[in-house]
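In the working numbering, the protein residues as written are 90 to 796.
Cβ coordinates follow ideal geometry from the N, Cα and C atoms, glycine included.
Working notes, beginning with the structure itself.
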Amino acid sequence: MMEYDEYQKAQNQEIKLGKEQGLDVSLYSNPEFNWLQMEQIRMGLKDKVDASVYADPAYSYETMRQIRIALYSAINLIPYLKRGFTDDDLEEIRLALINRLPIDQWLQDDMCAPQIREIRIGLCEEIDISAYADIRYNWMQMQEIRLGLEKRLNVQLYAKSLFNHAQMREIRLGLEAGLDVSSYCSLVYSATDMKEKRQAEVNRKRASGGSAIEPGADSRENTHSQSAGDREADQKKEAAASPKKDKKRPGDDLCTKEFSISIEENGNKAYAYIPWIPGNIVTKEDIYQDLERREIVFGIRDDAITDLIERKRLNEKILIAEGIPAQKGKDGWFEWFVRLDLPRIPAPLPDGGVDYVNIEAFEMVDEGEKIAVYHKAEMGISGKNIYGEMIHAENGAEKKPIRGVGFTIEPDGVTYISKINGKFEFTGGRILITNMLVVHEDVTAVTGKLEVDGSVYVIGSIYSGGYIKATGDIIIEHNVETGRLVAGGNVMIKKGSCSKNDCFIDAGGEVSGSFFEAATINAGGNVKANYIMNSMINTLGKVIVSGSKGVLLGGKISAVKGVDAHNLGNRLHLKTVLDIGRNELYEREMAKYAEKREQLVRDLDSLEKEWKKIAVLYSAGKEVSEEIKRRIHAAIVVQGQRLAELDGEVSKLVNVTEQTAKGPVCVRGKAHEGSVIVINGIKYTLSAEVRRISFKLRNKQVVMASL
């Protein structure tokens, strides 16, 4: 079944609008885009921003919208998109960047939009968000801590990840009411228990003649109450802000003295404005007298006042006093002595293929080698406002020490030194230095089995039954023929693998190489090559065959996330089977998830039973160790988080297969007759050669669409 024209009415309308507006509609004339995506690309083209940066069918309409709006303010959201942020996440990041808030300092990859929003609000309010800008807190916990900081409460009493947001709220409301929250500020009490104790404390305080603010009541009057001296000072400031009114002097009947002095930038600048009014005569003395009355004593610009009066610069806003702004100190930073910019993506070849041979896969370090030095934050330089008051400068922010394995920090606290000879990686903000066994010869059955806790780098090849098992990565500089490779991480065979169905590769991560012929590959990540022939591949990721000469020919490919190849099959009709989406591999993975989940639920039930026993003992007035309570509660939280993470992984896998069904197989060159495509168990056999085609699932049928 062939469906080349899959445009819906709304899609055609977007293309028509683009043509009417004189736009290059080729950027979005693709049935892979829905009409909402097309609309975003069209609007970007119309507004003359680089819409090509987001013209990708993989991006949702909302993601496109956020990137487009950000481009209007010269903000690049693509780096955040690559970190995994989408839709609502990008909106919060964009709003922070537009307001020039230092969001990057606090942003962590696993944060969701509501968490980012709480950080953004805190930065806007200029509060110390370090108390809650941590992935350990969910957004509701962050909100409770932020609300406490805004009201200058002692949030340390409840800013603990073991408290849920409802418990935090009860403690915060107690603090707002001026209560002694120590009577219920404990993990032993549920939020309901805390609420009862808080209300009892409020009633007790009222009965004793004290005062307590009701939760939710407006406490601003209490918070901002002033002494008589403070009120008098405020009245003086109000008087100073009022229009200039001098006592009448001789001649005032014939002229006026209308002018205003406005204070801006928190007392850092003063501007004078003299309106044009018939008979309006203002002198330098008038300006100076008003400055004196306002107690403006620093940074007065005499030349500007003289110029204002002598040149009669009426109806102009003139800067007449300016303070010295405070200068924020430089933030702490790391100086690296190893390469962090090592290219992880191989260079392209002229035919569009990938150069796996010359890629630098890793960086090696020696024991005792200096890895990095941390330069501490610098003090800020204080300033002075126009009232002569000191403006305290913000000191530079310190960065947290880097965590990881395989290194030590010197007694100076800033120098990072490698503990071992090994492979260096800096990923996810962590330093990972792991054992790297370097083999300077070919690995064969004669060499014996190599089993390594770390990574293995073979400068030669794998022949005649060679065997390598590593907890980390395996990198082969040349070829693999007969052998077995088992890696907890990635496997890279730079020149490729050619065997007689006796090459076996198992990897927890990606498998890549120039070519694979008659290989059996099981991978947790993508499988990438310039051609793959007569191989059996099972991957939870995607199979990618690059280059105009790249071909996927023969064998069976089971890939949960899909296939992207230049050519599929050949003219000899060599059977090539692609089993995509919810295949047998997917079902096995889901079964593993179900087994893990069942075990986690059992463990969580056991812990909750123990917690209930403690609660019963506590209610009976029996002593219970705080350490035991803390450990059980912490274990419940950890198991709950693991369960949530597992459910998230399952949901992600389900969503991936749903997205995959919309366009899982892409053939950029020729797809030959006889090739078999199975998507979510629905089979389709290609009856004729086609070019530049994608296969997808529609109405429980596999259909084709032109690229």
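- The beta carbon of residue 713 lies closer than 7 Å to those of 703, 706, 707 in the same chain, with the five residues before and after it left out.
- Counting only residues of its own chain and dropping the five nearest sequence neighbours on each side, residue 362 has a CB closer than 6 Å to the CB of 349, 406.
- Counting C-beta atoms within 10 angstroms of its own C-beta, residue 592 has 16 or more neighbours from the protein chains shown and is therefore classed as buried.
- Residue 659 and residue 206 have their C-alpha atoms roughly 53 Å apart.
- The C-beta distance from residue 647 to residue 673 rounds to 7 Å, short enough to fall under 8 Å.
- Residue environment: residue 187 is assigned as exposed (fewer than 16 neighbouring CB atoms within 10 Å of its CB, all protein chains considered).
- Boundaries of the alpha helix (DSSP H) around residue 394: 391-399.
- Looking at the DSSP output, residue 581 sits in a beta bridge with 564, 601.
- Annotation for residue 639: 442, 619, 620, 654, 655, 656 place their beta carbon closer than 7 Å to its own, counting only its chain and skipping 5 residues before and after.
- The region 390-398 makes contact with the region 351-371, as at least three CB pairs between them are under 8 Å.
- In the structure shown, residue 514 falls within a strand segment according to DSSP collapsed to helix, strand and coil.
- Around the beta carbon of residue 626, 16 or more other beta carbons sit within 10 angstroms, so the residue counts as buried.
- Excluding the 5 residues flanking it on each side, residue 536 has same chain C-beta neighbours closer than 7 Å at 555, in chain order.
- In this structure, the CA atom of residue 420 is about 19 Å from the CA atom of residue 185.
- Residue 578 is a Cβ neighbour of residue 562, given a cutoff of 7 Å.
- The Cβ neighbour count for residue 426, taken over all protein chains shown within 10 Å, is under 16; the residue is labelled exposed.
- Between the alpha carbons of residue 778 and residue 586 lies a gap of roughly 29 Å.
- Burial check for residue 546: the Cβ neighbour count within 10 Å reaches 16 or more, so the residue is buried.
- In the three-state reduction of the DSSP assignment, residue 110 falls in the coil class, being assigned neither a helical nor a strand state.
- Under the three-state reduction of DSSP, residue 623 is assigned to strand.
- Counting C-beta atoms within 10 angstroms of its own C-beta, residue 628 has 16 or more neighbours from the protein chains shown and is therefore classed as buried.
- Of the other Cβ atoms in all chains shown, fewer than 16 fall within 10 Å of the Cβ of residue 173; this residue is therefore exposed.
- Beta-bridge partners of residue 116 (DSSP): none assigned.
- When the beta-carbon positions are compared, residue 644 and residue 630 stay at least 7 Å from each other.
- DSSP, reduced to helix, strand and coil, places residue 292 within a helical segment of the structure shown.
- Contact annotation: residue 428 and residue 456 have beta-carbon atoms that are not nearer than 7 Å.
- DSSP places residue 489 in no alpha helix (DSSP H); its state is neither H nor E.
- Here the alpha carbon of residue 496 sits roughly 7 Å from the alpha carbon of residue 522.
- Bounds of the beta strand (DSSP E) holding residue 755 are 754-760.
- Per the coordinates, the alpha-carbon of residue 417 lies some 19 Å from the alpha-carbon of residue 475.
- A buried status is given to residue 525, since no fewer than 16 other beta-carbon atoms sit within 10 Å of its beta-carbon.
- Sequence-distant Cβ neighbours of residue 277 in its own chain, meaning closer than 7 Å and more than five residues away, are 707, 718.
- Between residue 385 and the set 297, 507, 401, 412, the nearest pair of CA atoms involves 412.
- In the three-state reduction of the DSSP assignment, residue 587 falls in the strand class.
- For residue 595, the closest alpha carbon among the candidates 424, 576, 178, 103 is that of 576.
- Residue 374 and residue 355 have their C-alpha atoms spaced approximately 25 Å apart.
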